[in-house]
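Q:
Numbering (my numbering), first residue to last: 202 to 490.
1. Within the same chain, show all residues whose beta-carbon is closer than 7 Å to that of residue 298, passing over the 5 residues directly before and after it, in chain order.
2. Taking the beta carbon of residue 390 as the centre, do at least 16 other beta carbons fall within 10 Å, making it buried, or is it exposed?
3. Helix, strand or coil: how does DSSP classify residue 380 here?
4. For the region 251-261 and the region 233-241, state whether three or more C-beta atom pairs, one from each stretch, are separated by less than 8 Å.
5. By the DSSP assignment, the beta strand (DSSP E) with residue 439 in it spans what residues?
6. Using a 10 Å radius around the Cβ and a threshold of 16 neighbouring Cβ atoms, would you call residue 440 buried or exposed?
7. Bridge partners of residue 374, per DSSP?
8. For residue 256, name the three-state secondary structure that DSSP assigns.
9. Sorted by chain position, which residues of the same chain lie with C-beta nearer than 7 Å to residue 471's C-beta, five sequence neighbours on each side aside?
10. Can you have a look at residue 444 and say buried or exposed, based on whether 16 or more other CB atoms are within 10 angstroms of its CB?
11. Determine the contact status of residue 405 and residue 427, defining contact as a CB-CB distance below 7 Å.
12. For the putative contact between residue 434 and residue 413, defined by C-beta atoms under 8 Å, what is the C-beta separation to the nearest angstrom?
Written out as structure tokens, the structure is:
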């Protein structure tokens, strides 16, 4: 299920649970202690936070605060609290619910980030293994392109080698989208790729046709340096020791958001692609020698 679908499901599920708990507690109101009410609502808040994150957790905390005031503080069925001690209990509940939801949401986010980082390291180690296992440099490039495409499954991967003497670009490896077969791309992005070589900076073609060029030079942690939400073609310079060896082109079938996490992953993948191209160049020089 998509993140939006998961969040929507959390809102619906835990909103329904809150209503159900309120109805049950309202029916049993003469027999239960206010502490039991607070604990029941706190469990709902925790469940909503685990399922949907900070948004549902904090929202249901506020709703539960109002429900406790209205249904379970005298005078019943009215928003009015006459005793200072009652206000203390209500504020204490809200504070505990909000702090707990926030801490739980942070822990959830950190766990998700750690999981994403683990997956990145797994892909990078696999790429290194693929490159080392390939006997020929060209085969290593093909393996690298394939792993890049599998790491970024919504992007077609192309690796282009730059001939410094002639100034030409030659596509030496390609990994198409799984459902597109081996057909060639109908679009010609040569001007975009040559622009990357000329400037040494990443260039992004958006789906509305606008070309956006990075203002900053690539870094080891961010080869793209562009915060774009509707990228169609992402062209990243491949450099080894400040020497341009080629271009990594990533083509999407649908708008792609270039978040910082994705840009860092592209930077790491581009590094391996650059090393693969440099290996091809060194092998070619050795053969000519």
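Quick reminder that beta carbons are idealized off the backbone N, C-alpha and C, glycines included.
A: If we stick to the structure as given:
1. Residues 243, 246, 262 and 265 of the same chain have their beta carbon placed closer than 7 Å to that of residue 298, with the five preceding and five following residues left out of the count.
2. Buried, by the Cβ-count rule.
3. Residue 380: helix per DSSP, three-state reduction.
4. No: fewer than three Cβ pairs fall under 8 Å.
5. 432-441 is the span of the beta strand (DSSP E), which, as asked, contains residue 439.
6. Residue 440 should be labelled buried.
7. Answer is 360.
8. DSSP places residue 256 in helix when its eight states are reduced to three.
9. Correct list, in chain order: 424, 437, 439 and 449.
10. With fewer than 16 Cβ atoms within 10 Å of its Cβ, residue 444 is classed as exposed.
11. Yes; because the gap between Cβ atoms is below 7 Å, this pair is in contact.
12. Between residue 434 and residue 413 a beta carbon distance of about 11 Å is seen, past the 8 Å cut, so the two are scored as non-contacting.
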